[in-house]
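**Student:** Letter by letter, the sequence shown follows residues 921 to 1644 of my numbering. This structure is in structure tokens; I'll ask about it shortly.
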Amino acid sequence: MPIRDASIAVLFLVPLIAACKPSQGTKDSADGSSPSASASASAAPVVEKKPPTTREGSSITRAPDDDVLFVADEDHRAIHVVPFPIAENTVVTTVPLPGRPAQMVASGDRVFVTIREMPEGGGGVIFLRRKGKVGLEETARVTIAADAWGVTLAPDESFIAVTSAWAARVSVVDLATAKVRSVVEVGREPRGITILPDGKRAYVSHLVGRAITRIGDIDGTAPTVKKLELPAAPNRGGEKTSASLGYVVVPSPRGERLYFPRHALGTGVGNWFGAAAIDVWIPRSDSPLVPPVHSNMLMHPFKVVNDGDIPDVNPDKGMQIDANAFVQPRAAVYRASERSILVASEGDDKLVEFDAMMQDPTLGLMSTHKITRHENKFYDVATTCGAPSGIALSQDEQVAYVYCRSTDEVVGVRLKGDGFTAPAGTSVAVRLVEPKNTPEDESFRLGRALYYNATDRITGESLACAGCHPDGRDDGHVWHETHFKSGPFDEDFVNFMAGMASFAAIGERARVSGAYGCGGMNAFDAIDSEYDKDDNLVGMGHPRQTPMLAGRVSAKGPYGWHGESEDLTARIVGGFGLHRWRLGEGTKENRLARAGHLVKFLREGLVPPETIKRELTEEEKKGKEIFESEKAQCAKCHVPATGFTDRIPMPVGEPPKLPGFVKEENMAFKTPSLLWVRGTAPYFHDGRYESLQALVEKNPDTMGKTMHLSADEKKALVAYLETL
């Protein structure tokens, strides 16, 4: 559905609160002033406090007074204030911030914004108070653990809980005193968070892995933490399927169910990387709604054709290549009027709606709301509403406002639903930032769009760079890099698979659909494969852990685990062929042009985590001495002056036999950078070490010399590594 012009803006008129002041058109800056009390507020007439529009944080939220939208713009370090009614010519007010904002939540006339890195170090929360209709002024700031990201508001609005992604912490901040009440450690990359209506328990999603976290007594001074296993796409993936991209957790209105949109990696039904999943947790029993099922009972997705029609349950439907209902679920909200879940599909620029009452909501696709345009003649990326990253609903839930990160816009789209009389799909876009038109800026924007968009067939198939490298980091997954060869097609290529089940599922899909002709994928042989005596596939491909990119790609080269790519451009072009099924597409010139734009964005647009700026502790200093010593030989390959790597492939000894993989002949691997190594588990090219401590403990002196170290010395070495 095309984006229409400003003449339809009346569709997005939101009733304004009569007590609101008229817009002053001011642009107030959060300038870092010290916390101040608002004397004028105490003298103001008493007005009824409006409830928050949502208690879960987002990059876009509607004000409780229902007169503006607030948008947290990480790329421009600002909040944009968008007044209602929105139209293409709406004047947007921009409020600069001291760091990159991730999420925010509004309570009364206050807005609480998480800041990923503060000028003084660490992460933070900025307290803002509304000033007129479109102004904001800072009243307090609270420093918490680095990389503050997700936020949720307590039911009584007395405190917020904030996730710190890189630091793997959750902080509870008192709103009356602007002080930290408590801090707990959680698993790697905590992102979304919600507090149950009782105000005592919180649940956290994670960017890496299938586990979630429960925090008990979060309203007290000593919260408790428990890791909970939530199977990924249990109807399709089984018990051991891994997961990634858990950016958000969405509660039902009364908190009976919690929804976790994410990717299930290596499912038996899906694409080469896995499948879209919305996994459901039941807080009352603290258990998943759907337990894992046996592989012969796996279910297939279906789509409701029309309201009132019998669902199309043809088992082949939805089983074509690129069949995932969403790609890279960046944000989601619950739509109570329809009892549905809306998911922002970052990879293919869609707003997708699912039946929240189903055991597996992805098996009940209700609607796909068109919010984008792709009008670039040379690159299949969004020109309107690219990389949707946040959703806010209107009060009547007839309109969804979507923040589109790669095009710097807010799009309002009218939704389908019972009893709604306005035309569904009607939409309008508001630009938040005016683009610069220099060649350098245009190249950066194209690189950013290509990084988030999975729609360009030349760069990959069905998954964008951000699908494996969220925020320029890694998904924690070990992929199967598999060599395929075909006699009938005379093709020879290498692809990634998330798991052995992915290969079997894609082969069956191709056979059913005839997508490849001449026997489909049965005409392709996996050269790197292993079968047991009963001809069952027991191993496929070589293990490849996803590497972190942010802050690690400034060197000229070489790149790749074997150092096979002379520079970053060559590595990216090679990646275009890996991240798909079958051979890559496009001419050499097309691939090089795309790689050039991506190189610019990877080096200039991806922001690495904060490095430790304090003085080292005595233990860390001892670890540094060991690291740099001739006896340990760590610094011989992990050269501090060049990003803690010499970029030279070195033999690392005979590898252990890993289930699901085949033996690799070439055991010379390029020395990986140790920058930010503490947040990139598991370790080694094959992910064999689950922690730095395990790596140092179990290293058989094939990668530096650590066997002679005492327990305390090994602990000191790990402590130092965690500061890099």
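The beta carbon of each residue, even a glycine, is placed where N, CA and C say it ideally should be.
1. Can you give me the start and stop residues for the alpha helix (DSSP H) that I1492 sits inside?
2. Give the straight-line distance between the Cα atoms of R1049 and V1100, rounded to the nearest whole angstrom.
3. Can you look up D1445 in the DSSP assignment and give me helix, strand or coil?
4. So, for A1639: in the same chain, excluding its five sequence neighbours on each side, which residues have a beta-carbon less than 6 Å away from its beta-carbon?
5. If we call anything under 9 Å between Cβ atoms a contact, is H1397 one with A1418?
6. Alpha carbon to alpha carbon, how far is K1556 from E1550?
7. Once you ignore the five residues that flank H1482 on each side, which residues in its own chain have a CB closer than 8 Å to its CB?
8. Apart from the five residues on each side of it in sequence, which residues of its chain come closer than 6 Å, Cβ to Cβ, to E1530?
9. Sorted by chain position, which residues of the same chain lie with C-beta nearer than 6 Å to V1458's C-beta, five sequence neighbours on each side aside?
10. Below 8 Å, is the gap between the Cβ of L1526 and the nearest heavy atom of the ligand ZN?
11. Only counting the same chain, and skipping five residues up and downstream in sequence, which positions put a Cβ closer than 8 Å to that of D897?
12. Among G1166, L1185, T1303, which has the Cα closest to the Cα of A1264?
13. Please determine, among R1130, E1360, L1148, the residue with the shortest C-alpha to C-alpha distance to G1136.
14. Tell me whether M1417 sits in a helix, a strand or coil according to DSSP, three-state version.
15. With a threshold of 8 Å on Cβ separation, who are the neighbours of S1207 within its own chain once the five nearest residues in sequence on each side are excluded?
16. Taking all protein chains shown into account, decide if D1632 is buried (16 or more other Cβ within 10 angstroms of its Cβ) or exposed.
17. If you drop the 5 nearest sequence neighbours on each side, which residues of the same chain put their C-beta closer than 6 Å to that of T1626?
18. Note the first and the last residue of the continuous alpha helix (DSSP H) segment covering C1305.
19. Which residues in the same chain as M1286 place their Cβ atom closer than 7 Å to its Cβ, once the five residues preceding and following it in sequence are excluded?
20. Quick check on the burial criterion: 16 or more other C-beta atoms within 10 angstroms. Buried or exposed for V1011?
21. I want to know whether the stretch 1182 to 1196 touches the stretch 1088 to 1108 - three or more CB-CB distances under 8 Å.
22. Can you tell me which of the three DSSP states F1604 falls into?
23. So what does DSSP say about Q1465, is it helix, strand or coil?
24. Residues bridged to H1000 by DSSP?
25. Apart from the five residues on each side of it in sequence, which residues of its chain come closer than 8 Å, Cβ to Cβ, to E1524?
26. In chain order, what residues of the same chain have a beta carbon less than 7 Å from the beta carbon of L1383, not counting five sequence neighbours either side?
27. Should S1205 and V1168 be called a contact, given that it needs their Cβ atoms to be closer than 9 Å?
28. By the three-class DSSP mapping on this structure, what secondary structure does R1393 have?
29. Out of L1366, V1106, A1349, point me to the one whose CA is closest to N1357's CA.
30. Is it buried or exposed, E1258, if we count other Cβ atoms within 10 angstroms and call 16 or more buried?
31. Between S1091 and A1122, is the Cβ-Cβ spacing less than 9 Å?
32. Within 9 Å (strictly less), CB to CB, does A1195 reach chain E?
33. Consult DSSP for L1271 and reduce its assignment to one of helix, strand or coil.
34. Are there 16 or more other CB atoms within 10 angstroms of the CB of A1142, so buried, or fewer, so exposed?
35. Inspect the beta-carbon positions of G1306 and L1526 and report whether they are closer than 9 Å.
36. I'd like the list of long-range same chain contacts for K1634, defined as Cβ closer than 6 Å, with 5 residues on each side in sequence excluded.
**Tutor:** In short, the structure shows the following:
1. That run of the alpha helix (DSSP H) goes 1488 to 1498.
2. Distance between the alpha carbons of R1049 and V1100: 19 Å.
3. Under the three-state reduction of DSSP output, D1445 falls in the strand class.
4. Within the same chain, E1539, E1540, G1543 come within 6 Å of A1639 by CB-CB distance, once the 5 residues on both sides are set aside.
5. At the C-beta level, H1397 and A1418 come within 9 Å of one another.
6. Roughly 8 Å separates the two Cα atoms.
7. Closer than 8 Å at Cβ, skipping near neighbours: P1569, N1586, A1588, F1589, K1590.
8. If you ignore the 5 residues before and after E1530, its C-beta comes within less than 6 Å of the C-beta of E1037, A1066, all in its own chain and listed in chain order.
9. The residues are E1450, D1452.
10. Here there are no bound small molecules, and the ligand ZN is not part of this structure.
11. No answer is possible for residue 897: the residues shown for the chain start at 921 and end at 1644.
12. The residue with the shortest Cα to Cα distance from A1264 is G1166.
13. That would be L1148, whose Cα lies nearest to the Cα of G1136.
14. M1417: strand per DSSP, three-state reduction.
15. These residues qualify, in order along the chain: W1201.
16. By the Cβ neighbour-count rule, D1632 is exposed, with fewer than 16 other Cβ atoms within 10 Å of its own.
17. Within the same chain, T1626 has close Cβ partners V1616, N1619.
18. Run containing C1305: none; DSSP gives neither H nor E here.
19. For M1286, where only same-chain residues beyond five positions count, the Cβ hits under 7 Å are V1224, S1260, E1273, F1274, D1275.
20. So V1011 counts as exposed.
21. At 8 Å Cβ cutoff, the stretches do not touch.
22. Note: F1604 maps to coil in three-state DSSP.
23. Three-state DSSP puts Q1465 in a strand.
24. In the DSSP output, where bridge partners are listed per residue, H1000 has V991, T1014.
25. Closer than 8 Å at Cβ, skipping near neighbours: F1364.
26. Counting only Cβ-Cβ distances below 7 Å, and skipping sequence neighbours, we find F1193, V1247, G1267, A1374, H1499.
27. Their beta carbons are not under 9 Å apart, which means S1205 does not touch V1168 by this criterion.
28. R1393 falls in the coil class under three-state DSSP.
29. Of the listed residues, the one whose Cα sits closest to N1357 is L1366.
30. Buried is the label assigned to E1258, since at least 16 other Cβ atoms lie within 10 Å of its Cβ.
31. Taking 9 Å as the cut-off, the Cβ atoms of S1091 and A1122 do not count as close.
32. Reference to chain E is not applicable here, since this structure consists of a single protein chain.
33. Secondary structure at L1271: strand, using DSSP grouped into helix, strand and coil.
34. By the neighbour-count criterion, in which a residue is buried when 16 or more other Cβ atoms sit within 10 angstroms of its Cβ, A1142 is exposed.
35. The answer is no: Cβ separation not under 9 Å.
36. Taken in chain order, the residues that qualify are V1616.
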